[in-house]
Each structure stands twice: as C-alpha cells, then as structure tokens.
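K.L.:
This note's numbering applies: residue 38 is where the sequence shown begins, and numbers increase by one.
Think of the CB as a built atom: it goes at the ideal place given N, C-alpha and C, for glycine as much as any other residue.
Treat the numbers as computed from the prediction; the structure is a model and nothing was measured.
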Amino acid sequence: MSARKPPSSLGDLAISIEQREDGLRILEDEVSIAVDFDGVLFEQSRHVRDLFQEVHGIDPGPVDEWPCELTEHPPIKDEGLTKEDTWEVFHAVHNDIERHRDDPLDPDTTTVLAELRAAGHEVEIVTARDPVSREPTRFFLERNEIPHDRLVMGDNAKTGWDVLVDDLPPHVERVAADGSLGLLHDQPYNRAYETDGNPRRVASFEELGALFGH
38 MSARKPPSSL GDLAISIEQR EDGLRILEDE VSIAVDFDGV LFEQSRHVRD
88 LFQEVHGIDP GPVDEWPCEL TEHPPIKDEG LTKEDTWEVF HAVHNDIERH
138 RDDPLDPDTT TVLAELRAAG HEVEIVTARD PVSREPTRFF LERNEIPHDR
188 LVMGDNAKTG WDVLVDDLPP HVERVAADGS LGLLHDQPYN RAYETDGNPR
238 RVASFEELGA LFGH
C-alpha cells in the first residue's frame, strides 16, 4: 500500500505535544482517545481468512499481502467476488460471538488503557462495524476486561477525538487533516505506508502509553 499524501506537520495539532530525546510526549492532562476495534484490539483478519476458505473455498493468502480494498486482491478478484460478497464475510465474522473469545492482539492493552483512564484521559472504542454487531463486540470487550468509557458503533469517519489509534491509513489520514493525532497501529498490511509526522506509527500499546508518559 503506498502513501496517499505526505504526513502533515505535528505543529498543526489541536493538542500540545513536545518532542523529547526519548520520543514524542503528549502534554495535555485530559485527552479524548478513540481506539479502533478490528485490527487494533481484535484480530479479525485470521477469522476473515478462515471464513473465505469455508464459504467460498478461497484462501486470500498471508495478511501482509492484502490490499486495503480486499476485492482488488487477486485470489478474490479472480473468482469474481463483489464488494458485497466480501463484506458479507466481514459481517459474518462481526456477528459470530464464538469468534470473539480471542485474547486481545496486544497483551498490554488492558494495562495501558486502564492507566490512561486513571490519568484522566477519555478512552472510547470506535468502530465502523454495523451496530447490529454490538453484542459480539461488547462480549469481547467485557470478556477481556478492556477499560473504556464508551463503545461507538457504525462510525466510518472516526473524527472528533484528539487521538485516533487505527490500523487503516485512510482513517488516520482523515483525522490528521482534521487537526487530531492519527496513530497507525502497526500491521503487516500497512507497513508500506509512510509515517513521519502526523500520522505516525505505533507498534504496540506500550508505545501508545509512552506517548502519555506511562
């Protein structure tokens, strides 16, 4: 995946930051943080790959070879599957509560988000998932005791928060252009995307916590 545009300047941010020798530090005492669900908390790609094999007899291949638009991926495109066919697979994963018995992608998720909330920051889980998937989504959050103030479903824009943690470049680009800090959660399929400024890449929740001095 190539960069769509150069990252914006950190000087354009609506929140106060400081560049220190050990890295970027967010200086605000109360920051609103939006954390994406799929690809950040929940490993949906493994389940999507399994379901493509079960339903369509297609192996999409390794995740790091997937494009942002999966319908353009040769194993899927060559079979003539439409965008609707692809989204049916994603929705089937989102609505299957048994597939939500996984642990979080990052073992430090619960600790870091609890520390951020204890420090006075607001943490909301914000996902583009259809609201009909609320029960499996909430089941995963409750099963893993992931601290958060609110669950927001069906939000495709994900703007309006000071910080967004998301695995898809278009989402972090959008919030960066809006004056928020876009943090691209590192995944194999987004590593070709350039991050040097805003958006910027975070490899783990430990790195997220470090931005706030935790």
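#1: Suppose only complete runs of 4+ residues qualify. What are the alpha helix (DSSP H) ranges in the segment 146-191, listed by chain order?
#2: Let me make sure I understand the geometry here. Which of Leu221, Arg211 and His110 has the alpha-carbon closest to that of Phe74?
#3: Could you give the C-beta distance for Val160 and Arg166, rounded to a whole number, given that I count them as a contact under 8 Å?
#4: Who pairs with Asp233 in a beta bridge, going by DSSP?
#5: Between Leu78, Thr123 and Ile70, which has its C-alpha nearest Asp96's C-alpha?
#6: Does Phe79 come out as helix, strand or coil in the three-state DSSP assignment?
#7: For Leu88, which residues from the same chain have a beta carbon less than 8 Å from its beta carbon, with the 5 sequence-adjacent residues on both sides left out?
#8: Throw me the rounded Cβ distance for the Ala71 and Gly216 pair, which I believe falls under 8 Å.
#9: Say whether the segment 97-112 touches the segment 169-180, bearing in mind that this needs 3 or more beta-carbon pairs closer than 8 Å, one atom from each stretch.
#10: On the criterion of 16 or more Cβ atoms from any shown chain inside 10 Å, does Thr164 qualify as buried, or is it exposed?
#11: Can you tell me whether Ser39 is helix, strand or coil according to DSSP?
#12: What are the residues that DSSP puts in a beta bridge with Glu55?
#13: Name the two residues that bound the continuous alpha helix (DSSP H) containing Ala194.
#14: Ordered along the chain, which non-local residues of its own chain (more than five positions away) have a Cβ less than 8 Å from that of Ile134?
#15: Measuring CB to CB, does Asp145 end up less than 7 Å from Phe242?
#16: Whole angstroms is fine: what's the gap from Arg62's alpha carbon to Tyr230's?
P.N.:
Considering the structure as presented:
#1: Fully enclosed alpha helix (DSSP H) runs of 4 or longer: 146-155 and 171-180.
#2: Counting from one through the sequence shown, the residue named residue 74 turns up at place 37. Of Leu221, Arg211 and His110, the residue nearest in Cα terms is Leu221.
#3: Your numbering for residue 160 matches position 123 in the sequence shown. Your numbering for residue 166 matches position 129 in the sequence shown. Val160 to Arg166, Cβ: 18 Å. No contact.
#4: Taking the first residue of the sequence shown as 1, we reach residue 233 at position 196. Answer by DSSP bridge pairing: none, since Asp233 is not bridged.
#5: For the purposes of this step, residue 96 is taken as residue 59 along the sequence shown, with counting starting at 1. For Asp96, the nearest C-alpha among the options comes from Thr123.
#6: Start at 1 with the first residue of the sequence shown, and residue 79 comes out as number 42. The three-state secondary structure of Phe79, taken from DSSP, is strand.
#7: One-based indexing of the sequence shown puts residue 88 at position 51. Cβ within range, chain order: Val126, Ala129 and Val130.
#8: Residue numbering aside, residue 71 sits at position 34 when the sequence shown is read from its first letter. Residue numbering aside, residue 216 sits at position 179 when the sequence shown is read from its first letter. Contact doesn't hold; Cβ gap of about 14 Å is too wide.
#9: No, because fewer than three Cβ pairs between the segment 97-112 and the segment 169-180 fall closer than 8 Å, the two stretches do not touch.
#10: By 1-based counting over the sequence shown, the position of residue 164 is 127. Per the 10 Å Cβ criterion, buried.
#11: For the purposes of this step, residue 39 is taken as residue 2 along the sequence shown, with counting starting at 1. With a pLDDT of only 34 at Ser39, under the threshold of 50, the placement of this residue in the model should not be trusted; the figure read from the coordinates follows. It is coil, neither helix nor strand.
#12: Reading the sequence shown from its first residue, position 18 is the one you call residue 55. Assignment of beta-bridge partners to Glu55 by DSSP yields Arg62.
#13: Mapped onto the sequence shown, residue 194 falls at position 157. Note, Ala194: premise wrong, no alpha helix (DSSP H); not H, not E.
#14: Walking along the sequence shown from the start, residue 134 turns up at place 97. So the qualifying residues of the chain are Glu172, Pro173 and Phe176.
#15: Counting from 1 along the sequence shown, the entry for residue 145 is found at position 108. Counting from 1 along the sequence shown, the entry for residue 242 is found at position 205. Their beta carbons are under 7 Å apart, which means Asp145 touches Phe242 by this criterion.
#16: As a first step, residue 62 must be located in the sequence shown, where it is residue number 25. As a first step, residue 230 must be located in the sequence shown, where it is residue number 193. If you take the alpha carbons of Arg62 and Tyr230, they lie about 23 Å apart.
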